[in-house]
Structure formats: structure tokens, C-alpha cells
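Residues in the sequence shown are numbered consecutively from 1, following the UniProt record's numbering.
Notes for the one structure printed next.
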Amino acid sequence: MDHLTVTWATQLAETELGTTLSRRWAHSQGVAARAAELEPVMGKDAGLLTAAGVLHDVGYAPRLAETGFHPLDGARFLRDEHSADERLVRLVANHSCALLEAEERGLRDVLAGEFPLLDEPLLVDALVYCDMTTTPDGHRATAQDRVAEILGRYGPDSVVGRFIRRASPEIFGAVARVEMILAAQPR
Ligand SMILES: [Fe+2]
Numbered sequence: 001m002d003h004l005t006v007t008w009a010t011q012l013a014e015t016e017l018g019t020t021l022s023r024r025w026a027h028s029q030g031v032a033a034r035a036a037e038l039e040p041v042m043g044k045d046a047g048l049l050t051a052a053g054v055l056h057d058v059g060y061a062p063r064l065a066e067t068g069f070h071p072l073d074g075a076r077f078l079r080d081e082h083s084a085d086e087r088l089v090r091l092v093a094n095h096s097c098a099l100l101e102a103e104e105r106g107l108r109d110v111l112a113g114e115f116p117l118l119d120e121p122l123l124v125d126a127l128v129y130c131d132m133t134t135t136p137d138g139h140r141a142t143a144q145d146r147v148a149e150i151l152g153r154y155g156p157d158s159v160v161g162r163f164i165r166r167a168s169p170e171i172f173g174a175v176a177r178v179e180m181i182l183a184a185q186p187r
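Rendered as C-alpha cells:
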């Protein structure tokens with residue numbers, strides 16, 4: 001996936017989020033910046049990861065919120081309105097352990113049926129890493145602080161709170177795996 005795709009993805013995310021949800025847009029830009037930093041690790045998939053990073057929360061855009069579950073709404077939008085690349089769509093649909101949140105919402109079969117988890121663990125881990133080390137304002141954070149912030153914002157017994165408590169071992173595992181790969185990179 002090339003530079004043009006990243007430009008397209010960035011413009012599309014800005015169109016959908018930039019005016020209505022400026023904080024989500026700032027977060028999305030931060031996630032894309034983390035993704036761009038992983039270029040030496042991702043090789044030919046660097047552009048795909050950056051495009052997924054900038055678009056992962058597009059489903060929060062009010063006009064796209066059909067089910068209210070943003071990974072599913074965003075993926076459907078990219079598939080149906082933009083015929084986007086299938087790997088990109090499946091990354092957005094499943095970003096940051098979305099299947100576990102889908103379960104909390106009774107949408108697991110819908111999500112898994114329409115958008116199977118990509119069988120490319122490094123890409124899946126890398127998107128978790130980028131999202132979960134970026135604050136809602138787009139700044140860098142540890143995954144521990146990020147999970148704590150989400151728990152505090154939504155409350156531990158909310159749908160998102162229950163989801164993030166169940167997902168946190170997988171989130172921390174994914175972040176640790178990517179950090180190990182980064183640490184092994186020649187400087
Ligand atoms: Fe995010």
C-alpha cells in the first residue's frame with residue numbers, strides 16, 4: 001500500500017472526524033504517527049498500518065453511527081462507500097480486540113461473519129500498539145496508563161469498562177510483543 005493510500009485515508013478520516021469530533025481526530029493523527037514510526041518493522045505493510053491507524057476510529061463519526069459499535073460502523077463505511085482494501089477494512093473492524101467488545105454488545109457473530117480477524121498477527125498487534133500507546137489527545141502514553149484512562153472515563157461496569165478489563169491482558173501482550181521487535185531493531 002503506497003503513499004497515495006495513506007494520503008487518501010488521512011483526507012477521508014479528516015473529512016469524517018475533523019470538524020465533528022476534533023479530539024478523536026487528534027487521537028487518530030497520533031495513532032497514525034505511531035504507525036509511521038513502525039515503518040522499519042512493517043516493511044511493505046507500513047502504509048497499510050498507517051492508513052488503518054488514521055481510519056480506525058472513523059466509525060465514531062455521527063453520520064456513520066448505525067449500530068453504535070464504531071469498529072463495525074467504520075468497517076462497513078469503508079467497505080460499502082469506498083470499496084476499501086479488504087485487509088484495511090478487516091484491520092479497522094477488529095482494531096484493539098474489537099471482537100471482545102462485540103461480544104459485550106451481542107455483535108460477535110455479526111463482526112466475525114462480515115470481517116474475520118486478519119490472520120497476520122504482526123499487523124494486528126501493531127495496530128493495538130499504536131492505538132493503546134496514544135492518548136485521546138494524540139499524545140504518547142504507556143498502555144497501562146491508556147487502559148486506566150479508558151476505565152476511568154467509561155467506568156468499570158460499563159460495556160466499554162467490562163470490555164477493556166477483559167481485553168487488557170491481550171492489549172498488554174500485543175504492546176509487549178511490538179516493543180520487543182522494536183528493541184531488536186538495529187539503531
Ligand atoms: Fe483509538
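Here a beta-carbon is modelled for each residue, glycine too, at the ideal position from N, C-alpha and C.
Backbone secondary structure at residue i - three-state DSSP
i           : result
residue 165 : helix
residue 50  : helix
residue 134 : strand
residue 187 : coil
residue 67  : coil
residue 176 : helix
residue 40  : helix
residue 116 : coil
residue 106 : coil
residue 158 : coil
residue 9   : helix
residue 85  : coil
residue 19  : coil
residue 93  : helix
residue 3   : helix
residue 57  : coil
Buried versus exposed call for residue i [16 or more other C-beta atoms within 10 Å across all chains shown]
i           : result
residue 217 : This structure gives no information on residue 217, because the portion of the chain shown stretches from 1 to 187.
residue 155 : exposed
residue 157 : exposed
residue 187 : exposed
residue 182 : exposed
residue 140 : exposed
residue 56  : buried
residue 7   : exposed
residue 121 : exposed
residue 53  : buried
residue 145 : exposed
residue 3   : exposed
residue 101 : buried
residue 28  : buried
residue 43  : exposed
residue 184 : exposed
residue 16  : buried
residue 169 : exposed
In DSSP terms, what residue i is bridged to
i           : result
residue 140 : 134
Query raised in the report: Quick one: any contact between the segment 18-36 and the segment 50-68, if contact means 3 or more CB pairs under 8 Å?
Result: yes
* Asked: Is it a yes or a no for the segment 106-116 touching the segment 131-142, going by three-plus beta-carbon pairs under 8 Å?
  -> no
Practice task
Count the CB pairs spanning the segment 64-74 and the segment 35-50 that are closer than 8 Å, and state whether there are at least three.
Solution key: no
Quiz item: Is the segment 34-43 touching the segment 68-76, taking contact as three or more C-beta pairs under 8 Å?
Solution: No, the segment 34-43 is not in contact with the segment 68-76.
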